[in-house]
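Numbering (the working numbering), first residue to last: 54 to 366.
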Amino acid sequence: MPSEIAADLRTILHAPDKQSLTYKAFTKAADALKTSAYELAKKTGGITSIPQYLQDGFEIKYFPKGTGFPDLSLPEMPDLPKADVTAFSIDDESTTEVDDALSLTDLGNGTKRVGIHIAAPSLAVRQGGGMEQIIMQRLSTVYFPGGKITMLPENWITAFSLDAGAYRPAVSIYFDVDGEFNVGEPTCKIEAVNIAANLRIQAIEPHFNAETGLDQAGEMMFAHHQDLIWFYQFATALQKARGKYEPDRAPQYDYSIELDEEGNVSVVRRERGSPIDTLVSEMMILANSTWAQMLDETGCPAFSASNRQAKCA
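Set out below in structure tokens:
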């Protein structure tokens with residue numbers, strides 16, 4: 054394929070300028086061979102796979118200037134107080150941007166202090182600066198089977214992802230919870246949190262599910278197993294308080310699509326409402342609903358995202 058055609062091929066296929074010389078030359082060649090532009094591109098190596106073809110079309114439409122980032126160095130990081138807790142995250146094994154973590158502190162007399170910690174790259178985003186402009190353009194990371202297009206550049210992800218082995222900037226909210234799972238008043242902090250572990254669902258779920266691993270007197274099979282047992286009991290109490298506890302509900306499943314490097318597609322099924330899903334979702338509901346209530350009490354408008362629709366808090 055001529056280099057001039059190769060340089061314009063994505064545009065020719067997905068957003069053609071029909072007056073351009075490269076478009077006219079390529080489509081004329083396709084007509085002469087009695088084939089489509091897609092088939093000609095495939096035969097000449099311009100399209101290596103259907104996923105690549107579809108992704109090219111998506112990027113042309115939503116990222117016409119490309120998916121790369123300008124050279125934006127990290128600003129000076131804020132000097133944050135170090136939290137006196139040790140936190141851990143729970144994510145799918147494919148997760149590379151860890152954005153939330155939990156901590157549990159025993160205060161004695163049956164009382165626990167729950168910490169919910171959210172990664173805070175916004176601490177380094179300057180109003181009107183280059184990074185704010187990029188965030189407002191992208192709004193979110195784009196996820197698709199086999200890959201993603203991140204909202205933040207790699208150096209920012211590295212600095213703010215709640216990866217294990219270091220103190221990470223976070224917005225934290227703490228609740229003291231007594232032995233009957235009564236929840237005290239929240240305390241919010243901006244701080245550096247020590248992340249001790251990044252737990253992966255695929256590794257821990259065989260040992261922590263509806264059938265096994267929920268007994269505090271049983272054998273602990275992984276780091277923070279004991280903490281997860283307590284979190285699940287607390288999450289169940291929160292569900293009951295919200296009228297959402299359904300122990301006899303028929304099984305429901307979520308499906309995800311995975312694409313490997315060879316282009317093989319697999320569909321993975323996970324039961325919805327598993328102990329891991331329950332404890333993570335209930336902790337996020339607790340944090341987000343509390344922050345929403347604070348915003349409402351102060352008359353401050355804000356947007357929050359949900360799986361169903363965007364809502365104004």
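Idealized CB from N, CA, C, for every residue including glycine.
Classify residue i as helix, strand or coil using the three-state DSSP reduction.
i: Thr80; result: helix
i: Val151; result: coil
i: Asn341; result: helix
i: Thr331; result: helix
i: Arg192; result: Contrary to the premise, residue 192 reads as Leu rather than Arg in this sequence. Of the three classes helix, strand and coil, the one that applies to Leu192 here is coil, per DSSP.
i: Ser309; result: strand
i: Thr289; result: helix
Considering only residues of the same chain and omitting the five flanking positions on each side of residue i, which have a CB-CB separation below 7 Å?
i: Ile171; result: Asp152, Asp153, Ala223 and Val224
With a CB to CB cut of under 6 Å and the five nearest residues on each side skipped, what residues in its chain are close to residue i?
i: Gly110; result: His67
i: Thr305; result: First, the residue type needs correcting, since residue 305 is Gln and not Thr in the sequence shown. So the list reads Arg325, once near-sequence residues are dropped.
i: Glu150; result: Ile210 and Ser214
i: Leu93; result: Ala83
i: Leu176; result: Pro131 and Pro222
i: Ile257; result: Phe275
i: Ser147; result: none
i: Thr194; result: Lys201, Thr203 and Met204
Which whole-angstrom value describes the C-beta separation of residue i and residue j, a residue pair presumed to lie in contact below a C-beta threshold of 8 Å?
i: Arg323; j: Asp307; result: 5 Å
i: Leu133; j: Ala245; result: 4 Å
i: Leu281; j: Met184; result: Rounded, the Cβ-Cβ distance is 35 Å, inconsistent with contact.
i: Gln269; j: Gln279; result: 7 Å
i: Val230; j: Thr164; result: 7 Å
i: Ile226; j: Ala340; result: 5 Å
i: Thr22; j: Tyr285; result: Because residue 22 is not part of the residues shown, which for the chain are 54 to 366, the question remains open.
i: Leu62; j: Gly99; result: 5 Å
i: Phe141; j: Leu252; result: 6 Å
i: Thr64; j: Ile103; result: Not confirmed; about 19 Å, so no contact.
How big is the Cα-Cα spacing for residue i and residue j?
i: Gln190; j: Leu86; result: 42 Å
i: Ala60; j: Tyr76; result: 11 Å
i: Ile243; j: Glu311; result: 36 Å
i: Phe79; j: Ser89; result: 10 Å
i: Pro239; j: Thr343; result: 8 Å
i: Leu157; j: Ile202; result: 33 Å
i: Gln72; j: Tyr91; result: 19 Å
i: Ile187; j: Ser56; result: 31 Å
i: Gly119; j: Glu264; result: 48 Å
i: Ser357; j: Asp349; result: 13 Å
i: Leu107; j: Glu129; result: 39 Å
i: Ala294; j: Tyr196; result: 34 Å
i: Lys81; j: Leu74; result: 10 Å
Can we count residue i as close to the ligand NAP, meaning its CB is less than 7 Å from some heavy atom?
i: Gln269; result: You won't find the ligand NAP in this model; it holds no ligand whatsoever.
Residues in its own chain within less than 8 Å of residue i by CB, not counting five upstream and five downstream?
i: Thr97; result: Met54
i: Gly232; result: Asn162, Gly163 and Thr164
i: Phe116; result: Ile202
Any Cβ of chain C within less than 8 Å of the Cβ of residue i?
i: Ser89; result: Absence of chain C from the displayed structure is noted, only one protein chain being present.
*So does the region 200–216 actually touch the region 171–184, counting three or more Cβ pairs closer than 8 Å?*
Because the criterion of three Cβ pairs below 8 Å is met, the region 200–216 and the region 171–184 touch.
_Pairs of beta-carbons, one from the region 332–351 and one from the region 162–169, closer than 8 Å: are there three or more?_
Under the Cβ criterion (8 Å, minimum of three pairs), the region 332–351 counts as touching the region 162–169.
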